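In full-length UniProt numbering, the protein residues as written are 1 to 326. Contents: one structure, followed by commentary.
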């Protein structure tokens, strides 16, 4: 658990860990330069329960704190937690049970719920529903490049696999999403418990809301970095499904890497037949891939599933012929 100035919510997070039904755990808390009451709260928690180990780190930021904390962990399983969230009492028990029963699984997440609920925007609720619907490895892998498939502080991982892919990296984009993509490339298998065992606190100061590393541009950069050596290896052009703002943002990123867009797919009759950045906009039924790869950058809610239904009769294989990136 990396923390910095979490005094407002830390007691609730710690209490949720003290209530865990799995007794054999150790909490390594990395205090990354707190200036509020966080150090005092951690000292009191350590006095209350010897399973709490609080350490000060050098204020080097989240990734440095995560790696220092990882180095201090002694157990074969690593469960992440943040200082402003809440864990269900059975979270650690059920995640550890799955990893014990399924040695082929390297990371297990769980369903989650945002809280408090009244002020949540539709986008956050849609993200919650989408992520909670990724129930098994195959579905998670299918949507891996859509968005981060796991809430970082909700996962439990095998320590050797986390260390084996290099731990956490500071690349200017989400450190957790970067980790999931590296784990997937290394062949790690994922799972998700259907029960909502993690409660993700929404508030204006949450890192995912205010830090540049979690902005849409950073997510796109992370995705492209991981697509280039794999799905896009050796490609000079791609077909782009989606001629809206998201597709155009991807076109600019690809152009910087020397990859062009040979044609655009869209179902909007106002766009079909036009030229966009020197390439024609066509209807999916006009498509002939001829060995080209396709990126699906359709940001409108619900349109991704509609696109999958539309191209299914064409025999296109997701993950081989096309990948959804939005």
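Glycine residues also receive a C-beta, built at the ideal position from the N, C-alpha and C atoms. Everything numeric in this text was worked out from a predicted model, so none of it was measured.
### Message
For a test of the three-state rule: what should DSSP assign to residue 260, helix, strand or coil?
### Response
DSSP places residue 260 in strand when its eight states are reduced to three.
#### Entry: Classification of residue 17 by the beta-carbon crowding that lies within 10 angstroms, buried from 16 upward
Residue 17 counts as buried, since at least 16 other C-beta atoms from the protein chains shown sit within 10 angstroms of its C-beta.
### Task
For the alpha helix (DSSP H) holding residue 140, just list the boundary residues, first then last.
Note, residue 140: alpha helix (DSSP H), 137-142.
### Message
If you reduce the DSSP assignment to three classes, tell me which class residue 222 lands in.
### Response
In this structure, residue 222 counts as helix in the three-state DSSP scheme.
### Query
Among all the DSSP beta bridges, which residues are the ones paired with residue 87?
Answer by DSSP bridge pairing, in chain order: 198.
### Cβ-Cβ distance between residue 76 and residue 21 below 8 Å
Residue 76 places its beta carbon 8 Å or farther from that of residue 21.
### Message
Among the candidates 68, 110, 217, whose CA atom is the shortest distance from the CA of residue 87?
### Response
When only C-alpha atoms are compared, the closest one is 110.
### Message
Assuming residue 232 and residue 259 are in contact, meaning their beta carbons sit under 8 Å apart, how far apart are those beta carbons, in whole angstroms?
### Response
7 Å between Cβ atoms; contact.
### Query
Got a sec? Which residues, its chain only, sit under 6 Å from residue 291 by beta carbon, not counting five neighbours each side?
Taking residue 291 as the centre and dropping the five residues before and after it, the same chain places no C-beta closer than 6 Å to its C-beta.
### Query
Distance, Cα to Cα, residue 326 vs residue 48?
Going from the Cα of residue 326 to the Cα of residue 48 covers about 46 Å.
### Query
What is the DSSP secondary structure of residue 18, reduced to helix, strand or coil?
Residue 18: helix per DSSP, three-state reduction.
### Message
Taking a contact to mean a Cβ-Cβ separation below 8 Å, would you say residue 54 touches residue 46 in this structure?
### Response
The answer is yes: Cβ separation under 8 Å.
### Message
Once DSSP output is grouped into helix, strand and coil, what is the label at residue 60?
### Response
DSSP places residue 60 in coil when its eight states are reduced to three.
### Message
Does residue 297 pass the burial test, meaning 16 or more other C-beta atoms within 10 Å, or should it be called exposed?
### Response
By the C-beta density criterion, residue 297 is buried, having at least 16 other C-beta atoms within 10 angstroms.
### Message
Going residue by residue through the stretch 244-296, where are the continuous beta strand (DSSP E) segments of at least 3 residues, counting only ones entirely within it?
### Response
Correct list: 260-265, 279-282, 294-296.
### Query
Going by the CB atoms, is the gap between residue 105 and residue 189 shorter than 8 Å?
Less than 8 Å divides the Cβ of residue 189 from the Cβ of residue 105.
### Task
Check the DSSP bridge columns for residue 112 and list the partner residues they point to.
Paired residue(s): 198.
### Touch test, the stretch 118-136 against the stretch 215-229, Cβ-Cβ under 8 Å, three pairs minimum
Segments in contact, no.
### Query
Does DSSP classify residue 118 as helix, strand or coil?
In this structure, residue 118 counts as coil in the three-state DSSP scheme.
### Message
Quick check on residue 322: does DSSP put it in helix, strand or coil?
### Response
Residue state, collapsed to three classes: strand.
### Query
Going along the chain, which residues of its own chain have a beta-carbon closer than 7 Å to the beta-carbon of residue 178, five neighbours each way excluded?
Same-chain partners within the cutoff: 169, 171, 222.
### Query
To which residues does DSSP link residue 31 through a beta bridge?
According to DSSP, residue 31 shares a beta bridge with 3, 56.
### Query
Between the C-alpha atoms of residue 93 and residue 237, what's the straight-line distance to the nearest angstrom?
Cα-Cα distance, rounded: 48 Å.
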